[in-house]
Amino acid sequence: MSGQSITDRMTAAQHSVTGSAISKTVCKATTHEVMGPKKKHLDYLIQCTNEMNVNIPQLADTLFERTANTSWVVVFKSLTSTHHLMVYGNERFIQYLASRNTLFNLSNFLDKSGLQGYDMSTFIRRYSRYLNEKAVSYRQVAFDFTKVKRGSDGVMRTVNTEKLLKTIPIIQNQMDVLLDFNVNANELTNGVINAAFMLLFKDAIRLFAAYNEGIINLLEKYFDMKKVQCKEGLDIYKKFLTRMTRISEFLKVAEQVGIDRGDIPDLSQAPSSLLDALEQHLASLEGKKVKDSTAASRASTLSKAVSSLANTGRSFTKVDEREKQAALDEEQSRLRALKEQRLLELQKNPSAATTNSSPISPMGGTINSAPAIDLFSTPTTVLVAWLLCCSFVIFSTLVPGSLADCCVSDSFCGPSPYNTPPLFQSDSSAEASLFGGFTASPAPLPPQNSQALNVDFDSVFGNNVNANNLDGTDVTLALLNH
Numbered sequence: 000m001s002g003q004s005i006t007d008r009m010t011a012a013q014h015s016v017t018g019s020a021i022s023k024t025v026c027k028a029t030t031h032e033v034m035g036p037k038k039k040h041l042d043y044l045i046q047c048t049n050e051m052n053v054n055i056p057q058l059a060d061t062l063f064e065r066t067a068n069t070s071w072v073v074v075f076k077s078l079t080s081t082h083h084l085m086v087y088g089n090e091r092f093i094q095y096l097a098s099r100n101t102l103f104n105l106s107n108f109l110d111k112s113g114l115q116g117y118d119m120s121t122f123i124r125r126y127s128r129y130l131n132e133k134a135v136s137y138r139q140v141a142f143d144f145t146k147v148k149r150g151s152d153g154v155m156r157t158v159n160t161e162k163l164l165k166t167i168p169i170i171q172n173q174m175d176v177l178l179d180f181n182v183n184a185n186e187l188t189n190g191v192i193n194a195a196f197m198l199l200f201k202d203a204i205r206l207f208a209a210y211n212e213g214i215i216n217l218l219e220k221y222f223d224m225k226k227v228q229c230k231e232g233l234d235i236y237k238k239f240l241t242r243m244t245r246i247s248e249f250l251k252v253a254e255q256v257g258i259d260r261g262d263i264p265d266l267s268q269a270p271s272s273l274l275d276a277l278e279q280h281l282a283s284l285e286g287k288k289v290k291d292s293t294a295a296s297r298a299s300t301l302s303k304a305v306s307s308l309a310n311t312g313r314s315f316t317k318v319d320e321r322e323k324q325a326a327l328d329e330e331q332s333r334l335r336a337l338k339e340q341r342l343l344e345l346q347k348n349p350s351a352a353t354t355n356s357s358p359i360s361p362m363g364g365t366i367n368s369a370p371a372i373d374l375f376s377t378p379t380t381v382l383v384a385w386l387l388c389c390s391f392v393i394f395s396t397l398v399p400g401s402l403a404d405c406c407v408s409d410s411f412c413g414p415s416p417y418n419t420p421p422l423f424q425s426d427s428s429a430e431a432s433l434f435g436g437f438t439a440s441p442a443p444l445p446p447q448n449s450q451a452l453n454v455d456f457d458s459v460f461g462n463n464v465n466a467n468n469l470d471g472t473d474v475t476l477a478l479l480n481h
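Here the sequence shown is numbered in numbering that gives the first Met the number 0, starting from 0 and rising by one per residue.
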């Protein structure tokens with residue numbers, strides 16, 4: 000906390016006392032230090048947007064409150080943190096911003112504390128306008144242009160003509176506000192504005208990629224449009240050419256400040272003959288005299304233009320793939336570092352790998368591999384015989400004179416060569432405990448067959464010592480051993 004002011008420390012301590020972890024993290028991410036928000040704080044806030052029990056309006060309002068500060072550093076870092084969450088956070092965050100009537104009201108912001116405050120206040124006003132426009136665009140189309148699916152089956156390539164003519168102007172407005180940031184390489188003099196510029200740079204290339212695919216779709220449908228639609232489409236294409244020039248200048252600034260050339264897409268200009276073909280087609284629909292042009296020449300011109308713009312789209316795709324791969328490599332390096340740190344901890348304190356109180360160690364996350372008790376270690380034949388015996392007994396007890404009695408009598412209690420008393424004796428208390436308190440009806444039962452099977456559970460489970468002395472024990476053991 001070496002670079003933080005006393006105000007930052009007091010505010011963080013206040014949130015610590017109140018127990019608001021989100022407010023404390025927002026405070027630390029938007030300190031008076033002239034540097035971009037720290038990654039660990041931004042990662043924590045991103046994780047908060049993914050948690051369903053986190054109040055998104057409270058998180059957003061906390062960031063809005065920080066923009067009321069008089070310091071340009073705090074306000075700029077608040078805007079940067081908000082932009083970061085709009086790009087990398089859960090979609091719930093930008094959905095909430097889009098649902099608000101007002102966002103950042105910083106059109107008159109001015110920090111008069113110093114010369115740098117005057118300079119940075121200009122970019123704060125422009126930056127806040129772009130974030131407002133980004134949220135408004137999401138409100139109008141219900142998705143973020145920088146995150147839409149691209150390619151031949153992408154959103155902007157498959158939308159119908161009516162929606163296309165309504166959607167492209169929304170992209171144009173957002174692109175205009177972004178390019179109005181209008182910063183030069185020599186004005187990127189501190190970490191705060193550099194962090195904002197990097198986010199704007201990534202938004203610019205993704206936004207222009209969606210814009211480019213919308214124009215490709217427009218050109219493919221242009222010669223099949225009605226006169227009014229052709230007029231509107233021609234105006235959209237002329238504005239696209241102007242914005243392509245502006246985005247090229249923006250990318251040059253990015254290259255000057257040290258962004259890798261491989262991360263900057265190549266923009267391919269459409270042939271100038273395409274504009275003439277579009278204008279002539281509109282003039283022919285309006286009944287004006289135009290130069291005679293064959294369908295073959297018109298198709299050739301259109302094919303060249305679409306091919307040129309498609310090359311630009313592939314260039315944007317390569318940039319996205321490089322960024323994804325860089326993110327994966329960074330994540331892999333972090334996992335390796337955590338793994339190595341964990342191994343070092345285990346080497347220093349091997350006892351931390353296991354615990355006696357829980358099968359899962361809270362420190363090491365290892366699992367205690369103590370052998371579990373095998374409840375089914377009894378031989379299968381014994382269990383099957385015992386279960387069959389019990390089922391017959393229960394059924395014959397509930398339904399006297401049933402088929403179970405006959406089966407049991409024939410199988411087990413038929414005429415015995417041994418002149419011994421019955422092996423099993425009826426135990427009403429055992430049966431009652433078996434059925435959880437169930438007691439038989441007091442109605443008199445029919446007389447039992449002399450050959451019916453009577454069960455003594457104590458004898459079966461070995462609790463009755465006298466049962467071991469009966470002459471019929473050998474018969475039962477022989478049956479169970481089978």
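All residues carry an ideal CB built from backbone N, CA and C; glycine is no exception. Please read all numbers here as calculations on a predicted model, not as lab measurements.
Between the options, which has its C-alpha nearest residue i's C-alpha?
i: A208; options: P168, K226, G232, A309; result: A309
i: N193; options: G35, K27, S19, S22; result: G35
i: D265; options: F315, A304, A282; result: F315
i: S307; options: M85, P270, D143, K146; result: P270
i: S272; options: K111, S299, I235; result: S299
i: I170; options: F63, M224, Y236; result: Y236
i: N54; options: V252, T30, T166, S22; result: S22
i: M119; options: E186, N159, G286, S136; result: E186
i: V191; options: R321, L250, K76; result: K76
i: S112; options: R128, W71, Q324; result: W71
i: F239; options: L274, I5, D223; result: L274
i: E285; options: K230, G312, D259, N189; result: K230
i: E32; options: V74, T121, T61; result: V74
i: L105; options: F196, D328, P349, I123; result: I123
i: I45; options: N89, N52, N100; result: N89
i: G261; options: V227, V318, D60; result: V318
i: N107; options: D143, L114, R128, S98; result: R128
i: R297; options: E248, D223, K288; result: D223
i: K39; options: S80, M51, E64, E254; result: S80
The alpha helix (DSSP H) with residue i in it runs from where to where?
i: H40; result: 38-49
i: G213; result: 190-221
i: N172; result: 160-178
i: L84; result: 71-87
i: L58; result: 55-65
i: S22; result: 20-28
i: L187; result: Counting along the chain, L187 falls outside any alpha helix (DSSP H), and DSSP gives it neither H nor E.
i: F103; result: F103 -> no alpha helix (DSSP H), and no H or E assigned at all.
i: R91; result: 90-98
Between residue i and residue j, which are expected to be in contact by the criterion C-beta below 8 Å, what is the C-beta distance as a whole number of angstroms?
i: L78; j: T66; result: 7 Å
i: L206; j: M155; result: About 11 Å; that fails the 8 Å criterion.
i: F103; j: N131; result: 6 Å
i: V86; j: L198; result: 6 Å
i: L277; j: Y221; result: 6 Å
i: I246; j: A203; result: 6 Å
i: Y95; j: P56; result: 6 Å
i: V135; j: E219; result: Between E219 and V135 the Cβ distance is about 29 Å, and since that is not below 8 Å, they are no contact.
i: F180; j: Y126; result: 7 Å
i: L58; j: C47; result: 6 Å
i: L301; j: L233; result: So it is not a contact: roughly 14 Å between Cβ atoms.
At a cut-off of 8 Å, is residue i close to the ligand HEM when judged by its beta-carbon and the heavy atoms of the ligand?
i: E339; result: For the structure depicted, the ligand HEM is absent and the ligand set is empty, with no information on it obtainable.
May I have a chain-ordered list of the alpha helix (DSSP H) segments no shorter than 4 residues that lie completely inside the segment 107-155?
-> 114-140
Which full runs of the beta strand (DSSP E) of 3+ residues lie inside the segment 252-294, going along the chain?
-> none
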